Amino acid sequence: MDFKSGVIYQAYIKSFNDTDGNGIGDLKGITEKIPYLEKLGVEMVWINPFYPSPQNDNGYDIADYYGIDPMFGTMDDFDELIEVAEQHGIGIMMDLVINHTSTEHEWFQKALAGDEKYQDYYILREAPEGQKYPTNWVSKFGGPAWEPFGDTGKYYLSLFDPTQADLNWRNPEVRKEAADIVNFWMNKGVKGFRLDVINLIGKDEEFVNSTGDLDQEKSLYTDNPIVHDYLKELNHRSFGKYPEFVTVGEMSSTSIESCIGYTKPENDELDMAFNFHHLKVDYPNGEKWTKAPFDFLELKKIMNDWQIGLGENGGWNALFWNNHDQPRAISRFGDDKNYREKTTTSQAHILHFLHGTPFVYQGEEIGMTDPYFDEMDQYQDVESHNAYDSLIEEGKSHEEAIEIIKAKSRDNSRTPMQWNDEKHAGFTEGTPWIEVADNYKVINVENELENGEIFNYYQKLIQLRKDMEIIQIGAYEPMFLEHEQVWAYRRKHDDQELITFSNFYGDPITLDISNEVEDGDWDYLLGNYGEKAFHKNLELAPYEAVSFIRTTE
Ligand code: GLC
Numbered sequence: 001m002d003f004k005s006g007v008i009y010q011a012y013i014k015s016f017n018d019t020d021g022n023g024i025g026d027l028k029g030i031t032e033k034i035p036y037l038e039k040l041g042v043e044m045v046w047i048n049p050f051y052p053s054p055q056n057d058n059g060y061d062i063a064d065y066y067g068i069d070p071m072f073g074t075m076d077d078f079d080e081l082i083e084v085a086e087q088h089g090i091g092i093m094m095d096l097v098i099n100h101t102s103t104e105h106e107w108f109q110k111a112l113a114g115d116e117k118y119q120d121y122y123i124l125r126e127a128p129e130g131q132k133y134p135t136n137w138v139s140k141f142g143g144p145a146w147e148p149f150g151d152t153g154k155y156y157l158s159l160f161d162p163t164q165a166d167l168n169w170r171n172p173e174v175r176k177e178a179a180d181i182v183n184f185w186m187n188k189g190v191k192g193f194r195l196d197v198i199n200l201i202g203k204d205e206e207f208v209n210s211t212g213d214l215d216q217e218k219s220l221y222t223d224n225p226i227v228h229d230y231l232k233e234l235n236h237r238s239f240g241k242y243p244e245f246v247t248v249g250e251m252s253s254t255s256i257e258s259c260i261g262y263t264k265p266e267n268d269e270l271d272m273a274f275n276f277h278h279l280k281v282d283y284p285n286g287e288k289w290t291k292a293p294f295d296f297l298e299l300k301k302i303m304n305d306w307q308i309g310l311g312e313n314g315g316w317n318a319l320f321w322n323n324h325d326q327p328r329a330i331s332r333f334g335d336d337k338n339y340r341e342k343t344t345t346s347q348a349h350i351l352h353f354l355h356g357t358p359f360v361y362q363g364e365e366i367g368m369t370d371p372y373f374d375e376m377d378q379y380q381d382v383e384s385h386n387a388y389d390s391l392i393e394e395g396k397s398h399e400e401a402i403e404i405i406k407a408k409s410r411d412n413s414r415t416p417m418q419w420n421d422e423k424h425a426g427f428t429e430g431t432p433w434i435e436v437a438d439n440y441k442v443i444n445v446e447n448e449l450e451n452g453e454i455f456n457y458y459q460k461l462i463q464l465r466k467d468m469e470i471i472q473i474g475a476y477e478p479m480f481l482e483h484e485q486v487w488a489y490r491r492k493h494d495d496q497e498l499i500t501f502s503n504f505y506g507d508p509i510t511l512d513i514s515n516e517v518e519d520g521d522w523d524y525l526l527g528n529y530g531e532k533a534f535h536k537n538l539e540l541a542p543y544e545a546v547s548f549i550r551t552t553e
């Protein structure tokens, strides 16, 4: 796939489509829906991990890199998926989790049993005198980042769940294993990789205490310059040999500068990177587990900085509102009650006209919302349960804590895909592993395809990107950066100019654009309220988005 003109869909396999009634989505379920994805127009599907795993972190805790967990199907199912997808012009992107393995992985088990070769696959340290752990670092899921390594007196580093042990990338054998894994799946026909928390693989040899400040602490193990060396090496040993192969790095707490390095084609590292800064605009002082309104100006500023930073320096952005780790953007930044359709289409519009590769997360194309679960037993995610326990420990009431979980839980996006208005939204004949949102009678694929406006809008956005170079590679320039209600920008390419406006709120507004936009023959290109004439006093309805284009002399 040409990642400059194509759009990638994310299928959270566990919740996408279950064909065997075990309540968990599977590979056959994705194969069955390939024609649906073709209809949408996407060229690649990123599938979340389906390797054998104890599922303590929904598959991001891999116990065998070369297998398929029976709950998701078999290797034959996988081969069939690759084949069917290819027949429909869709490539499969796998999720590669090589910063850590599950503690159930054979390597870790051998290490625990005393095998020194495998002990060097992990990061094992002793606690210095007077300290409980090797460092004071905290895990991203709460609690200390070190766990006792059997009865050796040592500790292993685990930046996520205690059952996810960080790999020692300083060991060349570990790096060789990573390349072998990539080559194995490439030989099976995989066309892309999403590399999980890949900017965390380079740790210093020496581990030092942080000051206790979370940002400072993250900087001790994030974006270490050696990550670039490791990625180049991996690239040269595997996917770098195939120009059509697509790679996207998931970059936890990264910087623009680092991402230019990761994604510049001449550096031979990755094609593009996900960053999450724009999805922290409702984390006051960096705090996720609290409820706060989002900062619109900050959101625009961040997106603008990344557009300019990567766009003008040869880097490439992965563009997204949603994934399996985030609440649904329409519930979070929009009005999913009164303007569900318009919020969804206007958010999609403002994102898809930017410089980068857009990702569509399952359900986004039909306007799925957060499920608003009221009880903790409806949540399955380890991070949400840890957060709830901490909130209660801090003295919050159940009501206060659950309001926060409701707004921030990763399970908000992990509820089953809503296919129709039948039992469990047509996701499964069994009992789903996580409850279906109760709005599925109205919000579902069947209803959307017959009566809706969202799927159809995504089709248009995806097609326009395929057709128009200006959307793919046009230069980006901001407009109205300080405006508190409207998001706007322009793109320029050859003799073309494209301008895009989105009213990000529910109040109508008339925007005087005469100082920003030159006179000319502006043609309507696309809008979520239908065709409208260009006007210097641009009237925008609630959550309206519109683009105009002209040819300059
Ligand atoms: C990434 C994944 C997330 C997982 C974490 C640890 O952030 O997207 O789901 O919990 O890595 O592997």
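Its first residue numbered 1, the sequence shown is counted upward by one per residue in my numbering.
We treat Cβ as the ideally placed atom computed from N, Cα and C, and that holds for glycine.
Given the structure is predicted, the values throughout are model-derived calculations rather than measurements.
Item: Segment contact, 8 Å Cβ cut-off, at least three pairs: the segment 419-426 with the segment 319-328; Value: no
Item: Residue nearest to Y505 in terms of C-alpha spacing, selected from K337, D204, G240; Value: K337
Item: Within 8 Å, strictly: CB atoms of F320 and F294; Value: no
Item: Which residues DSSP lists as bridging S547, in chain order; Value: T500, L526
Item: T431 to H493 span [Cα, whole Å]; Value: 52 Å
Item: CB-CB length for K342 against P542, believed under 8 Å; Value: 6 Å
Item: Close beta carbons around R550, own chain, < 6 Å, minus the five adjacent residues each side; Value: E497, G520, D521, W522
Item: H324 beta carbon near ligand 3 (any heavy atom closer than 7 Å); Value: Among the ligands modelled here, namely ligand 1, ligand 3 does not occur.
Item: Alpha carbon of Q485 to alpha carbon of F78, nearest angstrom; Value: 46 Å
Item: Limits of the alpha helix (DSSP H) - the one that F16 falls within; Value: No alpha helix (DSSP H) holds F16; DSSP gives it neither H nor E.
Item: Limits of the beta strand (DSSP E) - the one that K154 falls within; Value: Here K154 belongs to no beta strand (DSSP E), and DSSP marks it neither H nor E.
Item: Buried versus exposed, by CB contacts within 10 Å (16 or more), P70; Value: exposed
Item: Ligand 1 heavy atom lying under 7 Å from the CB of Y60; Value: yes
Item: Proximity of K251 and N275 at Cβ, strictly below 8 Å; Value: The question names Lys, but residue 251 is Met in the sequence shown. Yes. Within cutoff.
Item: Distance between beta carbons of E147 and P134, contact taken as under 8 Å; Value: Going by Cβ atoms, the distance from P134 to E147 rounds to 11 Å, so no, they are not a contact pair.
Item: Endpoints, the beta strand (DSSP E) within which N537 is located; Value: 537-540
Item: Alpha-carbon spacing of F353 relative to Q459, whole angstroms; Value: 13 Å
Item: L270 versus Y242 - alpha carbon distance; Value: 12 Å
Item: Backbone secondary structure at H100 - three-state DSSP; Value: strand
Item: Same chain, Cβ closer than 6 Å to K466, neighbours up to 5 away in sequence not counted; Value: S5
Item: Short Cβ contact (8 Å threshold) for P54 with D61; Value: yes
Item: 8 Å Cβ cutoff met for E365 and F296; Value: no
Item: Three-state class that DSSP yields for R414 in the structure shown; Value: coil
Item: Under the three-state DSSP convention, the category I68 falls into; Value: coil
Item: Beta-carbon spacing of I92, I47 below 8 Å; Value: yes
Item: Contained beta strand (DSSP E) runs [length at least 3] in the segment 462-496, N- to C-terminal order; Value: 475-479, 486-493
Item: Given 8 Å, three or more beta-carbon pairs between the segment 280-289 and the segment 31-43; Value: no
Item: 8 Å Cβ cutoff met for S502 and A533; Value: no
Item: Any non-hydrogen atom of ligand 1 within 7 Å of F160 CB; Value: yes
Item: The segment 220-230 / the segment 252-260 touching (three or more Cβ pairs under 8 Å); Value: yes
Item: Test item: CB-CB of D411 and S384 under 8 Å; Value: yes
Item: Meets three-Cβ-pair contact criterion under 8 Å: the segment 204-213 and the segment 102-112; Value: no
Item: 8 Å Cβ cutoff met for F16 and I30; Value: yes
Item: Touch test, the segment 435-450 against the segment 367-385, Cβ-Cβ under 8 Å, three pairs minimum; Value: yes
Item: Nearest to G306 (by Cα), restricted to the options E539, H355, E266, N267; Value: Residue 306 is actually Trp in this sequence, not Gly. Closest by alpha carbon: H355.
Item: Spatial distance of I68 from D268 (CA atoms); Value: 30 Å
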